[in-house]
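S.K.: For what it's worth, this note's numbering labels the leading residue of the sequence shown as 262, then goes sequentially. No residue lacks a Cβ here, since even glycine has one placed at the ideal position from N, Cα and C. Can you read through this structure? Questions will come right after.
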Amino acid sequence: MRLNQLAIRAMDEEHVPGVCRLHDDRDVLDAHPGLALNSRRHWETWLAGANSRRFDLVALRAERVIGWAFLSLHPRERRNHCAEIHLAVARDERRTGAGSRLMAGLLILADDLALGRLEARVAVNNTVALDFLAHGGFEREGMLRESRRAGSRWLDEIVLARLMER
């Protein structure tokens with residue numbers, strides 16, 4: 262069964278080319294308009310900036326990167342119980358459990374860090390992500406108007422959050 266071959270790991274340098282390929286996917290690029298997320302330099306810089314406040318995971322199937330996620334702790338002291346999360350899964354691997362396994366990894370991290378709140382910001386047109394997060398217990402809290410640039414236009418983002426059990 263394909264699902265048995267799925268592994269979740271901490272991202273490291275060997276995963277950079279796979280994360281670049283993942284972000285070449287048109288669906289993934291559309292979900293992150295205006296960002297050069299398929300650049301190897303971007304991901305090498307991103308990984309080099311990893312610290313004790315950001316955690317990156319990859320989903321692997323037969324050593325191929327099929328998904329990526331991160332959890333980033335909020336930098337302000339008064340919000341140190343909060344973290345932002347983000348996930349991306351290759352189109353051909355959606356509905357195989359990869360996103361759910363990445364989310365489970367993020368939830369374990371959040372629990373280990375004694376976080377009280379996870380937040381996500383999603384472009385209003387990214388219905389796949391909105392549905393996935395709602396299924397994972399995230400609730401819509403509001404909208405950020407014209408907060409994300411996509412070429413020459415501005416997009417709105419929906420703010421979602423999940424309160425953790427304490």
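1) Which full runs of the beta strand (DSSP E) of 3+ residues lie inside the segment 344-412, going along the chain?
2) By DSSP, does ARG337 sit in helix, in strand, or in coil?
3) Pull up the CB-CB distance for MET425 and ALA390, whole angstroms please, since I reckon it's below 8 Å.
4) How would you write the range of the beta strand (DSSP E) that ARG282 sits in, first residue to last?
5) What separation, rounded to the nearest whole angstrom, lies between the Cα atoms of LEU267 and GLU274?
6) Just verifying my parser: in three-state terms, what is the DSSP assignment at GLU426?
7) Given 8 Å as the limit, is there contact between the segment 399-406 and the segment 314-325, that is, 3 or more CB pairs closer than that?
8) Does DSSP classify ALA323 as helix, strand or coil?
9) If I follow the unbroken beta strand (DSSP E) through ARG270, where does it start and stop?
10) Sorry if obvious, but does the Cβ on LEU267 come closer than 7 Å to a heavy atom of the ligand FAD?
11) Excluding five sequence neighbours on each side, which residues of the same chain lie with their C-beta closer than 8 Å to the C-beta of GLU418?
12) Within a Cβ cutoff of 8 Å, which residues of the same chain sit near GLY377, ignoring the five residues on either side of it in sequence?
13) Is the separation between the beta-carbon of LEU363 and that of GLY397 shorter than 8 Å?
M.R.: Looking at the atomic coordinates:
1) 378-384 and 400-411
2) coil
3) That belief does not hold up - the Cβ atoms of MET425 and ALA390 are roughly 20 Å apart, past 8 Å.
4) ARG282 -> not in any beta strand (DSSP E); alpha helix (DSSP H) instead, spanning 277-283.
5) 19 Å
6) coil
7) no
8) coil
9) 267-271
10) The ligand FAD is absent from the structure shown, which contains no ligand whatsoever.
11) ARG382, VAL383, ALA384, VAL385, MET404, LEU405, SER408 and ARG409
12) HIS342, CYS343, LEU424, MET425 and ARG427
13) no
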